[in-house]
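The structure under discussion appears below in the form of structure tokens.
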Amino acid sequence: MNTDTIALLKSRDGAPARALTREEKARQAHLLHRILTDPAPVRPAAARSRSWAAFWTTAGIGAVAMAAVAVVVTVGPGVLRSPAATGLTTVDVASWTSTSMRLPSAAQEVAAGPRDWCMKNTVGDPNSTATRTVVSAELRGVVGSLIMKQGDDYSLCMAGRDRSGFAELLDAPTPLLDAEVRPMTGGGHGDGKSAFSYVVGRAGDAVTRVTLTVGARTVDAHIEAGWWTAWWPNPEATGDRPEPEVTVTVTVTLRDGRSRTAPLSYDQPSAGPQPSATASR
Numbered sequence: 000m001n002t003d004t005i006a007l008l009k010s011r012d013g014a015p016a017r018a019l020t021r022e023e024k025a026r027q028a029h030l031l032h033r034i035l036t037d038p039a040p041v042r043p044a045a046a047r048s049r050s051w052a053a054f055w056t057t058a059g060i061g062a063v064a065m066a067a068v069a070v071v072v073t074v075g076p077g078v079l080r081s082p083a084a085t086g087l088t089t090v091d092v093a094s095w096t097s098t099s100m101r102l103p104s105a106a107q108e109v110a111a112g113p114r115d116w117c118m119k120n121t122v123g124d125p126n127s128t129a130t131r132t133v134v135s136a137e138l139r140g141v142v143g144s145l146i147m148k149q150g151d152d153y154s155l156c157m158a159g160r161d162r163s164g165f166a167e168l169l170d171a172p173t174p175l176l177d178a179e180v181r182p183m184t185g186g187g188h189g190d191g192k193s194a195f196s197y198v199v200g201r202a203g204d205a206v207t208r209v210t211l212t213v214g215a216r217t218v219d220a221h222i223e224a225g226w227w228t229a230w231w232p233n234p235e236a237t238g239d240r241p242e243p244e245v246t247v248t249v250t251v252t253l254r255d256g257r258s259r260t261a262p263l264s265y266d267q268p269s270a271g272p273q274p275s276a277t278a279s280r
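When we follow numbering that gives the first Met the number 0, the leftmost residue of the sequence shown carries the number 0, and every step to the right adds one.
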């Protein structure tokens, strides 16, 4: 293919030309780096990811209202993940707890594995020289869920004590309303007893608690620095049906004690009123 061929193809392209976004440039650079450094990658079976689209909407609560959100959350082939991703082990998933705690200091054994793996395997611009920092970090059992930042890149990393896990690039955070809850990404990994599902999102300053009800399970999300993270075992998953149907609802509690429960739907998005509120972050 020469420059004349490229010019001809461009002239036939009906889509308007546009510059790549920062996230697209980061994915492009990371993909090129993976191609150059790993010519024949093999993805372990345990790292098989699952895709789903989730739609979240919430209506207002009185004068200080939650912003209505209709967000399509997708996890699929377009998501950039670490080439070292292996998912979690059955021991990792079995250690799950419905509530979380802040990840302890790296000096403690239970925290060393997740922190070490995530500091080495977080995705983003491979040419970045910026310092890699932890923005939010929770611990459930022996599994750490970390929001990492390096330069302008944000990523989610989940890892167990034996240094197995996965990482994926997140979109950069945008300003939120004080009472707004916004999902960023979600999905699942693994099979059988190593299968788990997860959701990551953003929360405004007035949000003090995010609780997911997943079938018979209750999952208290970890909230820190405007981010919320949650995951849970999914032993019903199979190769034929990686994400079995289950009713998921989300209860958001505000600083003044008021709360709102809304479904996390796998069908069609719905939109409610969008009252004004104070913006945060």
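From the three backbone atoms N, C-alpha and C, an ideal C-beta is built for every residue, glycine too. Model, not experiment: these values are computed from the prediction.
What does a CB cutoff of less than 7 Å around ALA133 pick up in its chain, not counting 5 residues either side in sequence?
Here residue 133 corresponds to residue number 134 of the sequence shown, with the count starting at 1. Note that residue 133 is Val in the sequence shown, not Ala. Within the same chain, VAL133 has close Cβ partners LEU145, MET147.
Is it the case that the Cβ atoms of TRP226 and SER196 are separated by a distance below 8 Å?
On the sequence shown, position 227 is the one that residue 226 refers to. On the sequence shown, position 197 is the one that residue 196 refers to. Inclusion of TRP226 and SER196 in the CB contact set at 8 Å is not warranted, their separation being larger than that value.
Over the uninterrupted beta strand (DSSP E) stretch that includes VAL122, give me the two end residues.
If you number the sequence shown from 1, residue 122 lands on position 123. Segment: none, VAL122 is in no beta strand (DSSP E) and carries neither H nor E.
Test item: CB-CB of VAL122 and LEU168 under 8 Å:
Taking the first residue of the sequence shown as 1, we reach residue 122 at position 123. Taking the first residue of the sequence shown as 1, we reach residue 168 at position 169. In contact: VAL122 and LEU168 (Cβ atoms closer than 8 Å).
Assuming THR248 and PRO262 are in contact, meaning their beta carbons sit under 8 Å apart, how far apart are those beta carbons, in whole angstroms?
Stepping through the sequence shown from its first residue, residue 248 is reached at position 249. Stepping through the sequence shown from its first residue, residue 262 is reached at position 263. About 5 Å; that satisfies the 8 Å criterion.
Neighbourhood of HIS221 by C-beta distance below 6 Å, restricted to the same chain and skipping five residues each side
Here the question's residue 221 lines up with position 222 in the sequence shown. Excluding residues within five positions, the ones whose Cβ falls inside 6 Å are SER99, GLU137, THR228.
Answer yes or no: do ASP219 and SER127 have a C-beta to C-beta separation smaller than 8 Å?
Position 220 of the sequence shown, counting from 1, holds the residue named residue 219. Position 128 of the sequence shown, counting from 1, holds the residue named residue 127. If you check the CB distance, ASP219 and SER127 do not come in under 8 Å.
Is THR89 helix, strand or coil when you go by DSSP?
Residue 89 sits at position 90 when you count from the first residue of the sequence shown. Here DSSP, grouped into helix, strand and coil, assigns THR89 to helix.
Looking at the strands, I want to know which residues DSSP matches up with THR132.
Numbered from 1 along the sequence shown, position 133 holds the residue referred to as residue 132. The bridge partners DSSP lists for THR132 are LYS148.
Drop a sphere of 10 angstroms on the beta-carbon of THR173, count the other beta-carbons inside from all chains shown, and report buried for 16 or more, exposed for fewer.
Taking the sequence shown and counting its residues from 1, the one referred to as residue 173 is at position 174. By the C-beta density criterion, THR173 is exposed, having fewer than 16 other C-beta atoms within 10 angstroms.
If contacts are defined as beta-carbon pairs under 8 Å, then ALA158 and GLY140 qualify, I think. What distance do you get, rounded to the angstrom?
In the sequence shown, counting from the first residue as 1, residue 158 sits at position 159. In the sequence shown, counting from the first residue as 1, residue 140 sits at position 141. ALA158 to GLY140, Cβ: 12 Å. No contact.
Taking the DSSP output, what are the residues bridged to ALA229?
Within the sequence shown, the letter at position 230 stands for residue 229. ALA229 is bridged to VAL198.
Beta-carbon gap between MET183 and ASP204 smaller than 8 Å:
Here residue 183 refers to the residue found at position 184 of the sequence shown. Here residue 204 refers to the residue found at position 205 of the sequence shown. Not closer than 8 Å, so no.
Can the beta-carbon of GLY187 be found closer than 8 Å to that of ASN233?
Counted from its first residue, the sequence shown places residue 187 at position 188. Counted from its first residue, the sequence shown places residue 233 at position 234. Yes, they are a contact pair.
Have a look at PHE165 and ARG259 and give me their C-alpha separation to the nearest angstrom.
Counted from its first residue, the sequence shown places residue 165 at position 166. Counted from its first residue, the sequence shown places residue 259 at position 260. Taken atom to atom, the span from the alpha-carbon of PHE165 to that of ARG259 is near 32 Å.
What span of residues does the beta strand (DSSP E) with ARG160 cover, start to end?
In the sequence shown, the residue the question calls residue 160 occupies position 161. Taken as a continuous stretch (DSSP letters only), ARG160 belongs to no beta strand (DSSP E), as it is neither H nor E.
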